[in-house]
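Okay, so here's the structure we're looking at.
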Amino acid sequence: GLGLAAIAPKAQAAADLTPSEYDVITQYNNFYEFGTDKGDPAKHAHRLTTKPWTVTIDGMVDNPGDYAFDDIISKMTIEERIYRFRCVEAWSMVVPWNGFELKDLLDLAGVQSSAKYVAFETLYRPEEMIGQQRPFLDWPYVEGLRLDEANHPLTIMATGIYGKDIPKQNGAPLRLVVPWKYGFKSIKSIVRITLTDKEPPTSWNKAIASEYGFYSNVNPEVSHPRWSQASERPIGGGLFTKRIPTLMFNGYEDEVAGLYEGMDLAKNF
Amino acid sequence: MKEHFNSVIRRIPKWALYMVAALYPAWLLYNGLTGGLGIDPVKAMEHALGKVGLQLIVLGLIITPLRSLTGVSLLPLRRVIGVVAFFYILLHFVVWLVLDVQILAQIWADILKRPYVTVGMAGLLMLLPLAATSNNRSVRKLGPRWRKLHKLTYPAALLGVIHYLMQSRGFQYEPLLYVVVVFGLVAWRFVPRRRAGSRVG
Chain A
221 GLGLAAIAPK AQAAADLTPS EYDVITQYNN FYEFGTDKGD PAKHAHRLTT KPWTVTIDGM
281 VDNPGDYAFD DIISKMTIEE RIYRFRCVEA WSMVVPWNGF ELKDLLDLAG VQSSAKYVAF
341 ETLYRPEEMI GQQRPFLDWP YVEGLRLDEA NHPLTIMATG IYGKDIPKQN GAPLRLVVPW
401 KYGFKSIKSI VRITLTDKEP PTSWNKAIAS EYGFYSNVNP EVSHPRWSQA SERPIGGGLF
461 TKRIPTLMFN GYEDEVAGLY EGMDLAKNF
Chain B
212 MKEHFNSVIR RIPKWALYMV AALYPAWLLY NGLTGGLGID PVKAMEHALG KVGLQLIVLG
272 LIITPLRSLT GVSLLPLRRV IGVVAFFYIL LHFVVWLVLD VQILAQIWAD ILKRPYVTVG
332 MAGLLMLLPL AATSNNRSVR KLGPRWRKLH KLTYPAALLG VIHYLMQSRG FQYEPLLYVV
392 VVFGLVAWRF VPRRRAGSRV G
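Chains A and B supply the protein sequences, listed in that same order.
For the first sequence, position 99 (counting from the first letter as 1) is numbered 319 according to my numbering, and the numbering increases by one without interruption.
For the second sequence, position 87 (counting from the first letter as 1) is numbered 298 according to my numbering, and the numbering increases by one without interruption.
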């Protein structure tokens, strides 16, 4: 139990959110490593071996090396964070994550002052992650954040959902959660974290740069080239669920707007 | 054998096929209401109707090459297949309109601004005159022009598979397969053949 055992009472930015049902969160996933259908990850992720698990932290850090997952957990404070989750495909849910602040892990590794960005990499193991046997994307999946985004208190590494260990289809044993960005930024099943001074490549940007930018902040005013981002369909409410308006920075504007002051968000989408 | 098969096909009552065809959307709706379509019944219904509609169009396009290559003729069923395909695709559009997009002001913006929606709409519009002339009276009234008009199926099918390909994220095999098959089936019509009696149709 990496979830319930160590939950702290604090639930930041939870506001009045009602979490989606456990089945909705764990049966409706985009995790192309296991197939492109929403139901594929729940169907195929059981093949994934998550024990033992090691995260390599390297690049511009004082303490580079391989960090065993259990060692990381023993040093972190796990708390519950109930966040909105907004997919770039214009659907959304609310997830009660359990996890720790990414900043705490970065502090453990000792980020050097020259570092400006954090790059992340998902496990590449096509014999278990059967979606990787096909070129849906350029494997392994990679993502990245600016260092100030990574250090933001809302940015967490999730290890659980609803107080249970995070299911494999949701990115076990360790995934990123950046609640003000589209879901694909929140990279799953992380095996490498690299501190760098250059903006790192990101998978969807490499695949279709015109549609997916480095920042990918939730923004109702900036359309995806193929659909509007002004509203979203909450998942789990059945056939006649009403669309709801999408909130700037997915409702975390007060907390994160300062990170992007003076930036043209239509250009830096 | 072949003749026997063809005569069985000829004898299938059309009304029975329409009844069976009507069951599928009803089954989808029932399952959508009772949780049988999974976590996201709106997309499940929308995609199922679109895809089965496309599959019926592919089936309709296979009939002529199948007949000229093997002698097996599904020709008596072609109009039923076409009409059912049209209704499924129309329902696909209605589900998208009413249950998915919902906001009317956004629909026009989507149709005009989103190329995959524009392409899909264009395909659906092409099917309208075909559906409207799918009765015996129109066939008689239009005479040879009926065959000509119904060649609109080719561009409509092409738009349909392009629409399918355009809305997928990343590199996916299934929509590409549809594109290749439909382009192949349409191209087949325009390849000159030596065999006597075979013609574009």
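We put the beta carbon where it would ideally sit given N, CA and C, even for glycine.
Taking C-alpha positions only, B/Tyr375 is separated from A/Leu459 by approximately 22 Å.
For A/Asp324, the uninterrupted alpha helix (DSSP H) segment begins and ends at Leu322 to Ala329. For B/Ile268, the enclosing alpha helix (DSSP H) covers residues Pro252 to Thr281. Bridge partners of A/Glu475 according to DSSP: none are assigned. Taking the Cα positions, B/Lys324 is about 13 Å away from A/Val442. Cα atoms of A/Glu369 and A/Glu321: separation of roughly 12 Å, rounded to the nearest angstrom. Taking the C-beta atoms as reference points, B/Asp311 is found no nearer than 9 Å to A/Ile455.
A direct Cα-Cα distance of roughly 51 Å separates A/Thr342 from B/Arg290. Collapsing the DSSP output to three states places A/Asp257 in coil.
Here A/Ser294 carries a helix assignment [DSSP, helix/strand/coil].
Straight through space, the alpha carbons of A/Gly482 and A/Asp474 are spaced by roughly 16 Å. Taking a Cβ-Cβ threshold of 7 Å, the residues of chain A close to B/Arg325 are Arg446 and Trp447, in chain order. Listed as beta-bridge partners of A/Pro454 by DSSP are A/Ser312.
DSSP places A/Gly364 inside the beta strand (DSSP E), whose first and last residues are Val362 to Arg366. As DSSP reads the structure, A/Ile464 sits in a beta bridge with A/Glu452. Distance from the Cα of A/Ala392 is smallest, within the candidate group A/Asp236, A/Val281 and A/Asp290, for A/Asp290. In the DSSP assignment, A/Ala378 falls within the unbroken beta strand (DSSP E) covering Ile376 to Ile381. In its chain, beyond the 5 residues on either side, Pro386 have a beta carbon closer than 6 Å to the beta carbon of B/Ser379. Taking a cut-off of 8 Å on C-beta distances, the segment 435 to 452 of chain A touches the segment 395 to 407 of chain A, as three or more cross pairs fall below it. Residue pairing by DSSP puts A/Leu415 in a beta bridge opposite A/Gly279 and A/Val338. When DSSP states are grouped into helix, strand and coil, B/Phe382 belongs to the coil group. Segment contact: the segment 365 to 384 of chain A against the segment 288 to 305 of chain A, three or more CB-CB distances shorter than 8 Å; contact assigned. Assigned with DSSP and collapsed to three states, B/Trp307 falls in helix.
Collapsing the DSSP output to three states places A/Ala392 in coil. Comparing alpha-carbon positions, the option among B/Leu239, B/Gly381 and B/Leu369 lying closest to B/Val390 turns out to be B/Leu369.
Here DSSP, grouped into helix, strand and coil, assigns A/Arg301 to strand.
Listed in chain order, the alpha helix (DSSP H) elements of length 4 or more contained wholly in the segment 352 to 381 of chain B are 355 to 360 and 364 to 377.
At least one CB atom of chain B sits nearer than 9 Å to the CB of A/Ser451.
Of the other Cβ atoms in all chains shown, 16 or more fall within 10 Å of the Cβ of A/Val275; this residue is therefore buried. Interface flag for B/Phe297 against chain A is unset, since no Cβ pair is found closer than 9 Å. Under the Cβ distance rule, A/Gly391 does not count among the residues neighbouring chain B, no pair being separated by less than 9 Å. Under the three-state reduction of DSSP output, B/Lys324 falls in the helix class. Residues of the same chain with a CB within less than 7 Å of the CB of A/Trp424, apart from the 5 flanking positions on each side, are Phe404 and Tyr432 in chain order. Closer than 9 Å at the C-beta level to chain B, one finds these residues of the segment 354 to 384 of chain A: Arg354, Pro355, Phe356 and Leu357. Under the Cβ criterion of 9 Å, A/Lys405 is not counted among the residues facing chain B. Proximity of B/Gln266 to chain A, defined by a Cβ-Cβ separation below 9 Å, is not satisfied.
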